[in-house]
Amino acid sequence: MKRFNWFIAYAIVFIGVTAQAQDFQGNAVYQSKTQVNFDFGNRNIPEDRKKSMMERMKKANEKTFVLTFDKTASFYKEEEKLEQPGEGGGGRGPRFGAMAGTDGDLYKNIKDQRYLIKNELLGKIFLIDDELEALDWKMGSESKKIGSYTAFKATATKTIKRPNMSAIFRRPGRGEENKEEENKEEEFTIKEVEIVAWYTPEVPINQGPGLYWGLPGLILAVNDDVTTIVCSEITMNPSEKIEIKAPSKGKKVTQAEYDEISREKMKEMRENFRNRGGRGGGRPN
421 MKRFNWFIAY AIVFIGVTAQ AQDFQGNAVY QSKTQVNFDF GNRNIPEDRK KSMMERMKKA
481 NEKTFVLTFD KTASFYKEEE KLEQPGEGGG GRGPRFGAMA GTDGDLYKNI KDQRYLIKNE
541 LLGKIFLIDD ELEALDWKMG SESKKIGSYT AFKATATKTI KRPNMSAIFR RPGRGEENKE
601 EENKEEEFTI KEVEIVAWYT PEVPINQGPG LYWGLPGLIL AVNDDVTTIV CSEITMNPSE
661 KIEIKAPSKG KKVTQAEYDE ISREKMKEMR ENFRNRGGRG GGRPN
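Under the working numbering, residue 705 is the last one in the sequence shown; the count climbs by one each step, no gaps.
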């Protein structure tokens, strides 16, 4: 990786953002991969089936997104892909992102510092409406090439809440059956992680994939402890004017309200699974 003078980088960023952002709009394609660590616990499952399940979960968490942006707003949407013959229904069942409220259509408005996510959770449409979190980015001096763009490093600390799918699909040990209320967050794991982002002032907007934003240039790559998102293609100022619309359909809730609804749904799934003795259905995709 190259080293770059921080003051020069900041000057480039400042000039680019103030002079050019007014007319910028475009599309950026991102590839997202999330590591899947699933604990099968004491379930008596053949090794070949475990391997097949892990492969399906891995594939379900490798996604392509398109970020459509202008100077103040963006729309982030997963590209739909057809299931290939022989994949064995890997796309069915509850998904990690749906439980976390991050799988749906995402609208960010930087000017208002708010976001909207239209998300489907087990057959019901929700519209999450909340305030964007402003991370305390630390600007680094490192730079590297991502595609044809020069990107600079920034880091921040963020508390991330993720669904604990292993808790749903494991059998309770002896004496655990009546301990559900002792740990209400069993359905989620909460962890403080370092976010590493790479942004480019050559696209002078402070947008990025997912809920990431706030850097003086488009975020081209971002990594937390399990998810890596990398931009693979950018189209600037397309001939056809871009219109970015916020999603409007669904039951409007805050992020905290959605998290509680998701927690209850996960608890219900766990109870249903355990009542069946851990057999059939409820596959963790």
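Heads up, the beta-carbon is just placed ideally off N, CA and C, and yes, glycines get one too.
Residue environment for residue 656: exposed (fewer than 16 other C-beta atoms within 10 angstroms of its C-beta). The beta carbon of residue 673 sits closer than 8 Å to those of 546, 547, 548, 549, 681, all from its chain and outside the five residues before and after it, given in chain order. In the three-state DSSP reduction, residue 641 falls in the strand class (E or B). Membership of residue 557 in any beta strand (DSSP E) is not indicated, and neither H nor E is assigned to it by DSSP. Going by DSSP, residue 451 is part of the beta strand (DSSP E) stretching over 446–454. Where residue 529 is concerned, the enclosing beta strand (DSSP E) starts and stops at 525–529.
Taking residue 450 as the centre and dropping the five residues before and after it, the same chain places the C-beta of 485, 629, 649, 651 closer than 6 Å to its C-beta, in chain order. A direct Cα-to-Cα measurement between residue 623 and residue 541 gives close to 34 Å.
When C-beta atoms of the region 676–691 are compared with those of the region 552–567, fewer than three pairs fall below 8 Å, so the two segments do not count as touching.
When only Cα atoms are considered, residue 570 and residue 617 end up about 13 Å apart.
Cβ contact annotation for residue 482 (same chain, cutoff 6 Å, sequence separation greater than five): 453, in chain order. Separation of residue 476 and residue 468 (C-alpha to C-alpha, rounded to the nearest whole angstrom) is 13 Å.
DSSP links residue 549 through a beta bridge to 536. The alpha carbon of residue 523 has as its nearest neighbour, out of 612, 532, 533, 539, the alpha carbon of 539. Counting only runs of 3 or more residues that sit fully inside the region 644–673, the beta strand (DSSP E) segments are 647–656, 671–673, in chain order. In this structure, residue 551 lies away from residue 579, with their beta-carbon atoms at least 8 Å apart. Residue 619 holds the alpha-carbon nearest to the alpha-carbon of residue 643 among 543, 619, 637. With a cutoff of 8 Å on beta-carbon distance, residue 664 and residue 495 are scored as near each other. The shortest C-alpha to C-alpha distance from residue 637 to any of 645, 631, 621, 647 is the one to 621. One alpha carbon belongs to residue 527, the other to residue 472, and they sit about 35 Å apart. Distance from the CA atom of residue 614 to the CA atom of residue 583, rounded to whole angstroms, is 19 Å.
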